[in-house]
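Chains as they are written, first to last, in this note's numbering: chain A, 1 to 356; chain B, 1 to 262.
Read the structure below first, then the notes.
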Ligand SMILES: Cc1ncc(C[n+]2csc(CCOP(=O)(O)OP(=O)(O)O)c2C)c(N)n1
Ligand code: SF4
Ligand SMILES: [Mg+2]
């Protein structure tokens with residue numbers, strides 16, 4: 001087993017990306033993802049890869065489009081306002097079926113917002129990463145260790161399904177230091193016979209493209225893409241559950257909120273309240289199976305988020321009216337405390353306990 | 001059986017596919033395509049060439065060049081080309097872009113690829129109009145030029161002035177070659193070919209960023225016949241956009257050392 005090292009989340013993610021074979025990184029400075037790009041600037045040249053600070057996030061994501069089209073394992077990282085600029089390029093990446101990884105270390109919004117941690121880009125990541133009929137895969141790690149492992153999975157799934165993958169991180173995790181066991185260096189490269197490399201006189205031309213003026217053909221492409229999404233939904237839901245077996249109240253939370261929720265759950269358990277946690281590791285595909293498994297036994301769901309209530313809608317879709325789904329959250333960079341969550345659990349327990 | 005000896009005088013360049021162009025009659029996009037394809041053939045670089053098509057009338061350039069191709073978002077071709085060249089330094093990478101693409105929505109990408117001295121070729125088709133979307137005012141439309149969105153003529157008081165792109169780019173240290181050519185006469189077309197070939201040769205020699213601005217026609221949206229469009233280009237565009245070499249480090253030394261043409 002590899003030894004554990006103490007690293008900042010952003011840096012652990014960058015190192016793990018390099019070990020996963022990422023050989024092209026395109027960025028633009030923005031807080032709170034800066035350490036990630038800085039780490040890449042230092043390390044990427046030593047790995048013989050491409051590091052480039054672009055003139056904007058628009059340019060950076062289009063460089064990712066080019067590098068991905070050229071067959072390189074590549075990524076970019078940004079924070080919320082930069083993500084809005086990347087949405088055009090992400091749509092093209094999806095339309096051209098290119099594998100690429102985009103990291104968003106979220107901060108508060110809308111507009112320039114603030115630089116403190118936030119989860120307010122949930123909707124953007126899961127619903128509106130760009131125009132057109134598509135959605136990326138979305139990872140939401142909750143520990144520094146998981147930041148390292150999810151970037152590896154992100155690259156693998158991007159290649160397997162030829163789709164953009166977003167790693168959605170709240171600012172807190174990016175800045176936090178924790179012991180992490182870094183993954184081994186990956187030597188094997190995925191085969192990309194579709195990439196543009198120069199045909200070498202040995203094959204027909206390869207074309208990287210999202211345009212299709214033939215309407216039935218464009219529809220066929222969209223249908224094929226959604227067949228892939230169906231497979232992703234069936235095979236790639238990732239979730240962690242905590243004390244759900246006997247629970248009659250379920251908290252659903254991701255990222256930093258899941259960490260504080262866990263502490264609140266321990267406290268509630270001591271007070272005799274049977275509450276458990278469902279922590280989505282993938283937001284797309286949303287872990288609907290995990291919710292389905294507990295929905296009949298659950299008197300109420302509570303989502304805890306650092307936004308005004310976004311993921312709560314996905315939980316409501318999964319629960320489909322079979323139990324009440326409540327929301328508790330903070331915005332503006334305020335992280336909900338275990339005590340606040342405990343109070344919410346107590347209220348729910350009193351309300352729902354009486355009904356049972 | 002009588003044997004006739006055939007001698008081929010003129011044929012399709014190997015780097016062009018046999019798909020018929022989708023360009024309007026009299027449009028010079030096709031001429032520009034041919035010059036690039038001939039260059040790829042003559043320099044024997046088609047097998048390692050990777051082209052980037054823009055958004056504009058030449059959006060389907062990937063159908064016409066049979067090299068490896070990418071289609072880029074509107075204006076982003078230089079960013080895409082930058083990454084492709086960095087990932088495959090031995091490939092020959094070129095973009096093909098219109099004036100709306102290169103000098104309006106993609107100005108930042110254009111300027112920064114140039115100033116980084118990316119070792120790529122940019123072929124810039126300036127027809128002073130947004131051709132594909134049906135003839136709106138372009139960044140390069142002339143003062144007084146009537147377009148769909150400047151129905152009384154481009155008013156410099158409200159619409160500003162046209163951009164002379166190669167002049168502007170020639171001030172950047174990263175640029176190896178900045179030249180303006182035209183496709184109005186056989187002599188000019190031959191000159192355009194020489195310029196394009198020099199640009200690709202620069203890339204082969206690792207000299208850096210080369211841009212060739214090609215003064216072109218859009219008979220359809222100018223509302224003129226093919227021949228009259230050539231006349232309009234000569235009478236109106238060439239005086240505003242003088243042809244010539246604005247920067248050439250191959251003639252004067254190394255771009256990276258900040259040599260200028262003067
Ligand atoms: C983001 C975006 N904005 C606008 C358009 C619409 N659009 C398509 S082509 C074009 C202008 C092309 O003009 P130019 O680059 O001069 O090329 P030409 O057709 O004249 O060769 C525009 C505005 C688009 N496709 N994408
Ligand atoms: S619209 Fe203009 S630029 Fe486009 S193909 Fe026709 S003539 Fe050429
Ligand atoms: Mg034009």
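Glycine included, C-beta positions come from ideal geometry on N, C-alpha and C.
If you're wondering where the values come from, they're calculated on a predicted model, not measured in any experiment.
In this structure, residue 196 of chain A sits away from residue 211 of chain B, with a CB-CB distance that is not shorter than 9 Å. Under the Cβ criterion (8 Å, minimum of three pairs), the stretch 202-219 of chain B counts as touching the stretch 25-41 of chain B. The nearest non-hydrogen atom of ligand 3 is less than 8 Å from the C-beta of residue 98 of chain B. For the stretch 83-108 of chain A, the set of positions with a beta-carbon nearer than 9 Å to some beta-carbon of chain B reads 88, 89, 91, 92 and 96 in chain order. Rounded to the nearest whole angstrom, the C-alpha separation of residue 59 of chain A and residue 293 of chain A is 44 Å. The nearest non-hydrogen atom of ligand 3 is 8 Å or more from the C-beta of residue 105 of chain B.
Between the stretch 332-351 of chain A and the stretch 106-122 of chain A there are three or more C-beta pairs closer than 8 Å, enough to call the two in contact. Contact check between the stretch 151-162 of chain B and the stretch 192-208 of chain B: fewer than three CB pairs, one atom from each, fall below 8 Å, which does not count as touching. Cβ proximity to chain B below 9 Å picks out 52, 54, 55, 56, 58, 59, 60, 61, 62, 63 and 64 from the stretch 52-64 of chain A.
Only 196, 197, 198, 199, 200, 201, 202, 204, 205, 206, 207, 208, 209, 210 and 211 from the stretch 196-212 of chain A bring a Cβ to less than 9 Å from some Cβ of chain B. Taking C-beta atoms as the reference points, residue 75 of chain A and residue 180 of chain A fail to come closer than 9 Å.
The beta carbon of residue 104 of chain B sits closer than 6 Å to the beta carbons of 139 from its chain, once the five residues preceding and following it are set aside; these are given in chain order. 9 Å or more divides the Cβ of residue 59 of chain B from the Cβ of residue 85 of chain A. Note on geometry: alpha-carbon atoms of residue 116 of chain A and residue 287 of chain A lie some 27 Å from one another.
The residue from B/175, B/225 and B/4 with its alpha-carbon nearest to that of residue 251 of chain B is B/175.
A distance below 8 Å between beta-carbons, with the five flanking residues on each side excluded, links residue 54 of chain A to the following residues of its chain, in chain order: 26, 27, 28, 60 and 63. Residue range 186-204 is occupied by the alpha helix (DSSP H) that includes residue 186 of chain B. When the alpha-carbon of residue 149 of chain A is set against those of A/69, A/15, A/305 and A/190, the nearest one is in A/15. When the beta-carbon positions are compared, residue 83 of chain A and residue 47 of chain A stay at least 9 Å from each other. Judged by the Cβ position, residue 240 of chain B fails to qualify as a neighbour of ligand 3 at the 8 Å threshold, every heavy atom of the ligand being at least this far. For residue 175 of chain B, there are no C-beta contacts with chain A under 9 Å, since the nearest C-beta of that chain is about 16 Å from it.
In terms of beta-carbon proximity, residue 79 of chain B lines the interface with chain A, with at least one pair separated by less than 9 Å. Relative to ligand 1, the beta carbon of residue 58 of chain B is positioned inside 8 Å of a heavy atom.
Taking 9 Å as the cut-off, the beta carbon of residue 32 of chain B is found no closer than this to the beta carbon of residue 120 of chain B. The beta-carbon distance between residue 284 of chain A and residue 131 of chain A, rounded to whole angstroms, is 17 Å. This is too long to meet the 8 Å contact definition.
Scanning B/81, B/87, B/108 and B/86 for the CA closest to the CA of residue 96 of chain B turns up B/81. Distance from the CA atom of residue 300 of chain A to the CA atom of residue 316 of chain A, rounded to whole angstroms, is 11 Å. With a contact defined as Cβ atoms closer than 8 Å, residue 311 of chain A and residue 118 of chain A miss out at about 13 Å. For residue 112 of chain B, the nearest CB of chain A lies under 9 Å from its own CB, placing it at the interface with that chain.
For residue 84 of chain A, the enclosing alpha helix (DSSP H) has its first and last residue at 80-95.
By the neighbour-count definition (other C-beta atoms within 10 Å, threshold 16), residue 6 of chain B is an exposed residue. Around the CB of residue 154 of chain B, 16 or more other CB atoms lie within 10 Å, so the residue is classed as buried. Residue environment: residue 225 of chain A is assigned as buried (16 or more neighbouring CB atoms within 10 Å of its CB, all protein chains considered).
Identification of chain B residues near residue 26 of chain A by a Cβ-Cβ cut-off of 8 Å yields 83, ordered along the chain. For residue 9 of chain A, the enclosing alpha helix (DSSP H) stretches over residues 9-19. Each residue's CA atom was taken as its position, placing residue 320 of chain A and residue 50 of chain A some 47 Å apart.
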